[in-house]
Structure formats: C-alpha cells, structure tokens
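Numbered according to the numbering used here, the first sequence terminates at residue 879, and the numbering increases by one at each position without gaps.
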Amino acid sequence: MDRYNFKKVEKKWQEFWDKNKTFKSSKNQNKKKFYCLEMFPYPSGKIHMGHVRNYTIGDVLARFKYLQDFNVLHPMGWDSFGMPAENAARENNLDPKEWTEKNISTMKTQLKRLGLSIDWDREISTCSPDYYKHQQIFFLELFDKGLVYRKENYVNWDPIDQTVLANEQVIDGKGWRSGAQVERKKLNQWFFNISKFSEQLLNGLESLPQWPNKVKTMQKNWIGKSFGCEIDFKIEGNLPVKSIKCYTTRPDTLFGFSFLALSPDHPLSKYFENNFEFQKFKKDCSKTGTTEESIAQAEKIGFKTNLLALNPMDPKMKVPVYFANFVLMDYGFGAVFGCPAHDQRDFEFAKKYKLNIKTVVRPKNSNDDFQIKDEAFVEDGLMINSSFLDGLKTPGEAIEKSIDYLTKKKLGKKKINFRLKDWGISRQRYWGCPIPIAYDKKGNIIKVPKNKLPIQLPEKINLNTKGNPLDYQKQWKEIQINGENCTLDTDTLDTFVDSSWYFLRFCSPESSKYGFDEEDIKYWMPVDQYIGGVEHAILHLLYSRFFMQALSFEKKNFISTEPFKGLFTQGMVCHETYKDENDKWLSPDEVFTENGKDYFKIKDRKKIFVGPSESMSKSKKNTIDPEKIMNLYGADSVRFFILSDSPPEKDVQWSEQGMIASYKYIQKFWILHKKIIKEIKKKKKKNENIDLTIYTNKLIEKYTYSLEKFNMNVLIAYLHETYNFLNKEIIKSDIKDLEENYSKILVLMFPILPHLISECMEDINKNNKLSWPTTQKKYLEEKYVNIVIQINGKKKSLIQTEKNLDEKVLLENVKKDKRISNLLENKSIFKHIIVKNKLVNLIIK
RNA sequence: GCCCUCGUGGUGAAAUUGGUAGACACAAAGGACUUAAAAUCCUUGCCCUUUUGGGAGUGCCAGUUCGAGUCUGGCCGAGGGCACCA
C-alpha cells in the first residue's frame with residue numbers, strides 16, 4: 035500500500051486554498067461573526083516553535099469556527115518596526131527595510147507551509163507608510179483631545195555611543211556595546227496620558243470573564259489603585275518653602291514619624307544645585323540607571339537638608355528632611371514621610387542615619403510595651419504611643435480616624451492614588467513611525483497638517499552614526515508648514531503604539547481615508563478570541579485597551595471599548611540544554627545519545643552536560659527549526675505534535691520521540707483510511723453496528739466540549755483512542771453506517787490535520803461542504819450502564835445493569851455479586867447511597 | 001517582602017467539576033511474527049500473595065462528607081509576576 039506522501043498532499047491543498055481564496059472573509063450580516071486573532075509576529079528572520087504553537091492553536095480554533103458556520107475573520111500581519119532591524123542593519127551594513135521585507139517573505143512562506151487558514155488579503159505590515167500614516171493621524175487626534183503631551187523624562191544614556199539605551203540593552207548597569215557605565219539623562223519626550231483612564235482600565239477588567247484571572251490580576255496590580263491620604267507637612271528652615279505634600283496609605287502611623295524623604299528629582303532639589311555634596315549624592319543616585327529594579331538593588335542613601343518638617347499630629351514634633359534615593363518622583367508627590375518602625379525601607383534608612391525609631395503599632399497578642407527590634411512591624415495590630423489613636427485597630431479604624439482628624443484641621447485629605455504611569459512613546463531610533471510634529475524657529479510645537487502625511491522615513495540612510503540617525507538627516511528634517519520653515523521631531527514612536535490598533539486595521543485593511551471604517555468595526559470588533567504569549571500580559575494588552583479608550587474618547591462610536599473579548603495565553607516550547615566541557619552551549623544537532631541518559635558531542639564523542647529544559651532561545655542554542663521539522667515530517671505532524679503533550683496554557687517539552695509518534699500516527703491513519711474506504715465501497719449486504727454510532731456520537735460530544743475548553747491535548751488523546759477503536763472494531767465485519775460515521779469523525783479531525791483530512795475527504799465525496807457534526811440524543815443514552823459498588827466508600831466491584839433500574843432490583847443485583855456477597859457475610863447493611871446509573875455505596879458494620 | 005499559579009506513575013499528562021484515579025502518549029522490560037534486523041502487534045508497570053485475591057496510593061498533616069486528586073484550614077516544595085508603590 036502507498037505511504038502517505040505529505041509533501042505532495044500538503045502542497046496540493048495549500049495551493050488549492052490559495053487559488054480558491056478559501057479563507058477570504060467579508061462582512062455578512064446574516065451570519066454570526068467570529069474574529070480569531072493571534073498576536074502578530076515580529077519578522078526576525080524565520081518562524082520559531084513558539085510561533086508554530088501559537089498559530090496552530092489559533093488555526094484549530096478558526097477552522098472549528100468555520101465548520102460551525104461562523105463568518106470567521108482570521109488575519110495575519112507583521113509587527114515590523116523595531117530595534118532588531120536596526121541592529122542587524124548596523125552589523126551587516128544592510129538596509130532595515132530590505133532586511134525586514136526579506137524576513138517577511140521568508141516567514142510568510144513558512145506560515146503558509148503550516149497550512150494556516152489565514153485571509154492573506156488582509157495582510158498588513160506596520161512599517162508600511164499605508165499603515166503608519168493612520169497612526170500619525172491618530173497621534174494628532176489624541177493630541178487634539180489633550181491625551182498627548184510633552185515632558186522631561188529620564189532615559190538610559192550611553193556616554194560613549196552617545197545614544198539612548200533600552201532597558202534590555204543595559205546589562206549590569208553597562209551599555210551592551212560600549213560597556214560604558216550607563217547614566218541617567220533627562221530628555222524631552224512625548225507621553226500618552228494613559229493614567230487619565232486608570233479607573234476605566236481597572237473597571238473594564240470586570241467585564242472580561244473570558245480572560246485568564248492571572249492576566250487580570252497582573253493588570254490590576256500594575257494599575258495599582260490605593261486608598262490613602264494626602265498630607266501637607268509644614269516646613270521650617272532657611273529656604274522659601276512653607277510646606278511639602280506627601281501621599282501615604284498609612285496616616286495612622288504619623289506618631290512614629292521620624293524623617294521626611296524627598297526624591298532626588300523633587301522640585302526642591304533646585305535649591306541644592308550649587309551644593310557640591312548634593313551634586314555628588316545625585317550623581318551617585320544617577321549611576322543606578324532608570325530601571326526600578328536597579329534602584330531596588332542599590333544601597334539606601336540620603337542627603338540631609340537643614341529643613342525640619344512638623345508633625346501634623348503634634349507640631350512640637352519636628353523631624354529632619356532628607357533627599358533619599360529610594361523615593362520615586364513618579365509616584366505620589368515624590369515625597370514620603372518616614373515611619374521606620376512600620377516600614378522596612380524607612381527602617382533601613384533610619385538605622386543608617388541613626389534616626390529615631392518609635393513603635394506605634396503592636397501585634398494583637400502583645401502588650402503596650404511592645405518594641406520593634408531587627409525589622410519593621412508591618413502587620414495588622416493595635417495602636418500604641420499615638421495619643422487619640424491608642425487602642426484602635428489598624429489598618430482600618432485608625433486610618434479612618436487619622437484622616438478625619440487631618441481633614442478637620444485642614445492639614446490633609448483622603449486621596450485615591452494610582453501607580454499607573456503615563457506611557458512614554460518617544461524613541462531615539464530610526465526604524466519606527468515618525469512623529470508628525472515639527473518645531474518652528476522659536477521651538478513652538480507645530481502639528482504637521484494632514485495633507486503632508488504620512489511623514490515617511492528616509493530610506494537608505496547611514497546608520498553608523500552616534501545617537502539618533504534621523505538627527506543627521508538635514509534635508510528630511512526640514513518642512514514648510516504655513517509658509518514657515520520648521521524642523522521635524524526626529525524621535526520615532528514606541529513600537530507598542532503600532533501594535534495597539536492593528537486589530538482594528540485588520541477589519542478595514544484597505545481603508546485609505548482613515549485607519550479603519552466604522553461599519554467594519556461595528557461588524558467585526560471585538561476580537562472574539564485573542565491568542566498569544568503571556569509575556570504581553572501587561573503592556574501590549576493594557577496599551578491596546580487604552581487605545582480603544584482614547585480613540586472613542588469624546589466620540590463613543592465603538593460598540594465596546596474592550597478590544598479583546600476572549601484572551602488565551604499559551605505556554606512556551608521548551609527543550610533540554612547542552613553544554614560542553616568549556617561551558618559552551620551546544621545545539622541539539624551537535625549532540626547524540628544512545629541510552630537517553632548520557633549525551634555526547636558528535637564531533638569528538640566527548641561527554642557533555644545536560645541542563646534543565648528551558649524555553650527555546652537562540653542564546654542557549656536549544657532551538658528546533660520548524661522548517662527542518664516540516665521537511666522531515668510535514669505540517670500536519672508538527673501541528674499534531676505541538677498540541678499533543680501538554681495543555682496549551684502550560685509549557686510544552688519538545689521531544690523528538692513525540693514528534694516521530696505524531697508522524698507515525700498520520701502514516702497509520704492513512705493505511706486505516708484506505709481500508710475503511712475499501713469497506714465502504716464493498717457492495718455486500720452490511721450489518722448493523724450500533725457500537726460505532728454510539729462511539730461516534732459520544733466522541734462528537736466530548737471532543738466538542740474539550741475543544742471549546744481549549745483542552746487541545748485531550749483532543750489528541752481522543753484521536754489516538756479513535757484510531758484504536760476503528761482499527762479494532764471496523765475491519766471485523768461489514769458495517770452499515772460506516773460512511774456516515776466515518777465522515778463525521780473526519781470532520782472532527784479536520785481542524786488539526788487539514789491537509790490529511792482534505793485528502794481523505796476526497797475519497798468519500800469530492801465536493802463535500804463540511805460542517806461540524808451534531809449528536810443524536812438516542813445514541814448518547816445507553817441501554818446498559820456500569821455501576822460501581824462501594825463498601826464504606828471504597829470501590830469493591832463493578833456490575834453492568836440496565837439503565838434506570840429500579841432501586842430495589844438494583845440492590846438485589848448488587849448483593850448477588852460474588853465479591854460483594856463474600857464481603858457481606860456476617861455483616862449488616864446499615865445504610866446505602868445510590869447515585870443513579872453510576873454508583874451504589876453500602877455502609878456496613 | 002508582596003501578589004498569583006501549580007504539586008497525580010520512570011516521563012508528559014487525563015479525570016465531563018464531590019462518585020471506577022492514572023485515559024492517551026513517550027520511555028523501559030518481557031513476548032509474538034521474522035534466518036536476522038527494521039516495522040508492526042500483545043503483555044507488564046506500587047506493595048503482599050505461586051494463583052485466586054488483598055492492601056496502600058494524587059506533596060505532608062488535619063477537617064467536612066456515605067464518598068475528596070477535586071471543598072476548607074495549616075504546613076512543605078516548585079514555578080511565574082512585581083515599578084522599594086509610601
């Protein structure tokens with residue numbers, strides 16, 4: 035018998051789908067729509083296994099929805115702006131555009147080989163002027179709505195390369211190329227006012243039941259709503275400063291106040307600019323870089339001023355004012371009141387500068403003499419040493435009462451605070467969307483008029499310059515606006531902006547007037563199922579949600595301001611790691627094993643070290659190239675395997691054995707298929723085989739259930755089971771309803787193995803219009819059922835009975851069972867529990 | 001430190017939501033077919049017993065229940081997230 039030739043078959047069907055535009059989608063008001071979207075890839079060169087997993091999951095769902103007769107939108111595009119293009123271009127003297135386009139073409143071919151049901155007519159690329167033109171229009175719209183503004187912000191600055199570094203380009207506080215100590219530098223940058231929508235973004239999470247709780251929790255924490263109090267501290271000293279504002283969530287601990295700490299960037303720092311010691315202190319702070327993590331790891335340092343802060347609870351209590359490196363300007367008012375006894379950071383700071391530490395909260399199970407010792411006490415407790423607050427429960431009562439007091443005395447007031455910061459969108463790079471803003475000679479901000487959009491990136495420019503390459507483009511920068519000579523902003527937009535609205539563009543990829551067409555949006559949006567990596571749980575998803583808010587702000591033309599109704603985050607693809615005796619990473623191609631335990635280098639047969647399985651990455655060389663695998667085993671096998679071993683939300687372990695098993699499944703299924711076709715075509719009189727019909731109906735039920743729950747690994751198990759069943763039962767005799775049942779089973783398999791099943795379908799009915807099978811109730815209800823018999827809750831036996839058997843008769847049958855009757859000897863049944871058609875539990879003494 | 005998630009055979013994992021634990025697959029061992037190998041198929045898989053059987057068992061300890069992998073509390077362990085968030 036012929037082997038299944040996946041190369042021929044897969045090519046045949048991919049060409050068929052292409053030619054017939056099988057997956058082309060258009061609005062159809064008579065049909066229910068389903069918008070299935072996977073996170074679009076960055077065109078880095080070739081697709082990796084993570085893409086294979088992501089797009090296979092999405093494709094199975096999309097094809098399932100096609101079969102359920104939904105009007106499916108399943109598009110694909112390219113997140114094609116970003117640093118790797120610029121880096122690759124610098125390293126190999128290439129043009130980022132050419133590099134990107136070449137990668138897109140390669141990866142598109144690879145995705146097509148996977149057999150995805152994509153409507154390629156909607157393909158978009160964010161680096162295309164057709165796309166970013168609309169983004170520039172959005173930018174100006176948001177500018178008009180007051181949602182874009184300019185302010186100074188710190189960046190990672192590489193003093194040797196004279197360039198701004200991304201956080202990931204800072205390694206151990208040093209520039210990745212130059213190795214120079216990274217400094218903090220202030221730059222004027224553009225911001226989206228995302229914090230304006232803090233409340234909406236937080237509340238919106240409540241309306242997303244089809245999102246993983248994990249992601250919602252992460253976003254909730256990121257937005258970080260807190261209830262606290264704003265306090266005006268009166269200040270005494272030699273500066274023209276009367277008061278300093280602080281935000282606190284613990285006003286109850288004010289009686290333990292022992293210092294006031296300001297961020298080094300606090301406005302008051304201007305009075306110390308000429309102070310040599312302060313300069314030195316600030317320089318020390320700036321060495322730590324801009325990531326919060328690096329600030330976290332730095333030792334706590336401070337600079338003492340001559341100012342004194344008065345305790346609002348008792349103005350006679352005066353404490354010193356410091357600048358401290360652990361206070362962030364971005365949060366609250368850039369000033370905190372220090373209560374060392376009940377905050378660990380304050381405690382460490384107070385220890386270092388020998389400041390007063392006064393305990394004002396005690397644990398519930400101690401007495402009023404309680405004193406904190408080696409660390410701050412931060413748990414719930416009762417107030418002590420705090421005048422009118424003494425004895426109150428804290429937090430809770432004590433916080434409420436202290437806020438009341440401060441409000442009455444007009445020293446403070448209740449305040450809700452969010453920790454969500456505004457989104458800085460300026461990037462000092464070439465390969466991004468130009469910002470449609472220019473400056474006149476006086477430096478005023480001038481919007482680029484719409485008829486001059488898009489501002490296109492200059493092509494084929496020299497990238498081997500220090501700093502931002504666009505700064506050197508003198509001709510390009512010059513622009514005439516209203517007869518005046520202006521200069522373009524040379525920064526480009528954060529690539530997260532590109533991906534914050536691409537799902538809208540997919541609805542109207544051709545619309546030239548505006549980024550999307552409102553009628554299209556009304557029909558297709560929201561995305562019914564969004565699928566991607568959990569690494570985008572916060573930023574990309576939050577920014578996209580913000581974009582919907584911002585675009586509909588003062589407009590309300592969207593059906594929903596939430597872009598993604600359902601979200602699924604898939605796990606990573608992992609592989610063992612290998613290292614040689616010199617601690618160098620080895621790729622799986624470079625090693626071999628004979629017993630599955632000990633691994634050796636192919637080159638010199640030296641033993642190597644096997645590390646833990648980790649997510650595939652180029653740096654660890656533990657990647658498997660999907661193209662190579664597809665050449666060896668075909669697309670259907672890869673699709674089958676990538677779903678088989680683990681539930682999609684968990685990490686999956688790549689296994690060559692598992693891959694081969696998937697390949698074998700397809701081969702043996704093909705052989706079985708040919709046998710079944712032969713059976714179907716026989717003209718003999720056929721026998722009734724109710725078992726097959728029952729099996730098929732049950733399969734349809736549980737298969738659909740698991741698919742809807744995204745339990746794709748279970749689907750694979752069912753397919754194995756189905757093969758085993760068919761292989762055993764069917765060939766035995768001529769069966770009447772074979773064709774009908776078998777074609778239903780094939781439809782179930784279609785989303786996972788589209789090429790193989792298309793080929794199989796051709797043997798049954800060439801012009802079959804496939805649709806998802808439904809079940810017939812009468813075949814799901816069985817005549818006989820298995821009843822578990824328990825004694826004192828433990829399984830002892832199993833009997834088969836008629837369904838819905840009378841309880842008395844059932845109990846008679848149970849007692850007749852040999853094993854049970856043995857166990858019942860000399861015992862009396864003192865209670866029985868019957869779960870209908872399932873179980874009998876006898877309680878005996 | 002805070003928040004979240006998860007602990008089931010040698011391995012990846014199922015378990016229709018409180019009712020037969022280990023489906024399905026990988027690996028291993030034994031066997032069948034073969035001159036042989038490959039391929040394919042079958043059996044086994046914790047403890048006691050020659051067998052028939054019996055027992056234990058879902059990280060650990062309690063609890064609720066006729067019955068717990070599933071629910072509750074405590075502990076232990078692993079993984080993930082975090083922006084020192086005042």
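Backbone N, C-alpha and C fix where the C-beta goes; we use that ideal spot for every residue, glycine too.
* Asked: Nearest-angstrom Cα distance between Asp-286 and Leu-445?
  -> 14 Å
* Measure the beta-carbon distance from Ser-297 to Met-363 and round it to whole angstroms, keeping in mind my assumption that it falls under 8 Å. => 4 Å
* **Beta-carbon gap between Leu-426 and Ile-265 smaller than 8 Å** => no
* Would you call the segment 460-467 and the segment 276-292 in contact, with 3 or more CB pairs under 8 Å? -> no
* **Lys-613 to Val-644 span [Cα, whole Å]** => 7 Å
* Have a look at Val-843 and Asn-88 and give me their C-alpha separation to the nearest angstrom. => 54 Å
* Contact set for Asp-52: own chain, Cβ-Cβ below 7 Å, skip 5 residues either direction -> none
* Under a Cβ-count criterion, where at least 16 other Cβ atoms within 10 Å of its own Cβ denotes burial, should Ala-751 be classed as buried or exposed? -> exposed
* Length of the line joining the Cα atoms of Phe-602 and Leu-677 -> 15 Å
* Asked: Measuring CB to CB, does Leu-294 end up less than 8 Å from Gly-372?
  -> yes
* Length of the line joining the Cα atoms of Lys-475 and Met-83 -> 52 Å
* Simplified DSSP state of Ser-792, which is helix, strand or coil -> helix
* Asked: Applying the criterion that 16 or more other CB atoms from any shown protein chain within 10 Å of the CB defines a buried residue, is Arg-639 buried or exposed?
  -> exposed
* Kindly indicate which residue of Asp-851, Leu-576, Pro-349 and Ile-555 has the alpha-carbon position closest to the one of Gln-63. => Ile-555
* **Closest by C-alpha distance to Glu-44, when choosing among Ile-764, Leu-772 and Ala-669** => Ala-669
* Measure how close the beta-carbons of Ser-59 and Leu-101 come, nearest whole angstrom, since I'm counting them as under 8 Å. => Their Cβ separation, rounded to whole angstroms, is 15 Å, which puts Ser-59 and Leu-101 out of contact at 8 Å.
* Is Trp-510 closer than 8 Å to Pro-488 when the C-beta atoms are compared? -> no
* Enclosing beta strand (DSSP E) for Asp-875 [first to last residue] -> The sequence given here places Asn at residue 875; Asp does not occur at that position. That run of the beta strand (DSSP E) goes 873-878.
* Beta carbon of Trp-619: closer than 7 Å to some heavy atom of the ligand SAM? -> In the structure shown, the ligand SAM is absent, as is every other ligand, since no ligand is present at all.
* To do: Would you mind stating whether Gln-824 and Leu-858 have Cβ atoms separated by less than 8 Å?
  => no
* Compute the beta-carbon to beta-carbon distance between Val-686 and Gly-605, rounded to the nearest angstrom, for a pair I have assumed lies under 8 Å. => 6 Å
* Endpoints, alpha helix (DSSP H) assigned at Arg-539 -> 536-539
* Taking 8 Å as the threshold, find out whether the segment 510-520 comes into contact with the segment 528-540 through three or more Cβ pairs. => no
* Mind the definition here: the segment 208-222 touches the segment 165-172 only if three or more C-beta pairs lie below 8 Å; say whether that holds. => no
* Report the residue from Asn-222, Leu-71 and Gln-144 whose alpha carbon sits nearest the alpha carbon of Ser-460. => Asn-222
* Just mark Gly-180 as buried or exposed, buried being the case when its beta carbon has 16 or more other beta carbons within 10 Å. => exposed
* Would the beta-carbon of Gln-253 fall within 8 Å of that of Leu-239? -> yes
* Asked: By DSSP, does Gly-271 sit in helix, in strand, or in coil?
  -> coil
* **Straight-line gap, Lys-811 to Leu-760 (C-alpha atoms, nearest Å)** => 22 Å
* Asked: Per DSSP, Ile-450 is paired with what?
  -> Phe-261
* Asked: Exposed or buried, Thr-526, counting other C-beta atoms within 10 Å across all chains shown (16 or more means buried)?
  -> buried
* Asked: Who does Tyr-564 pair with in a DSSP beta bridge?
  -> Leu-71 and Leu-601
* Asked: With distances taken between CB atoms, is the gap from Pro-470 to Ile-158 smaller than 8 Å?
  -> no
* **Identity of the residues DSSP links to Ala-369 by a beta bridge** => Leu-296
* Starting from the N-terminal side, write out each stretch of the beta strand (DSSP E) that is 3 residues or longer and does not extend beyond the segment 132-182. => none
* Closer than 6 Å by C-beta to Phe-337: which residues in its own chain qualify, once you throw out the five before and the five after it? Chain order, please. => Phe-312, Phe-315 and Phe-357
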